[in-house]
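Asks: Supplied in structure tokens, the structure appears directly below.
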Amino acid sequence: MTDEPDLRWFTSSYSGGSGTECVECAEAAPLVLVRDSKQRGGPILAVPDRTWRSFIGWVGAS
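Under full-length UniProt numbering, think of the first position of the sequence shown as 1, with each following residue one higher.
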């Protein structure tokens, strides 16, 4: 799945400057894909986009 040419991976603006202290996300409707920025070839967590939005809302409110 990481070889998909249409996936655009991004990191949070809160990530460290080196880009190795965060997770990366890509939208693949109806899923959001999440991976470790230090191991881009490693496992990918697939989360329903609705669940991801709820999680991000909860984190932002904390």
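A virtual CB, placed ideally from N, CA and C, is assigned to each residue, including glycine. Just so it is clear, the structure is predicted and the values come from calculations on it, not from any experiment.
State the DSSP-derived secondary structure class of Thr51, mapped to helix, strand or coil.
Replies: Reduced to three states, the DSSP call for Thr51 is helix.
Asks: Which same chain residues, not among the five before or five after Asp36, have their C-beta less than 7 Å away from its C-beta?
Replies: The answer, listed in chain order, is Val23 and Gly42.
Asks: Pro48 and Leu31 - do their beta-carbons sit closer together than 8 Å?
Replies: Contact: yes.
Asks: Quick check: the Cα distance between Thr11 and Gly60, rounded to an integer number of angstroms?
Replies: Using only the alpha carbons, I get a separation of about 15 Å.
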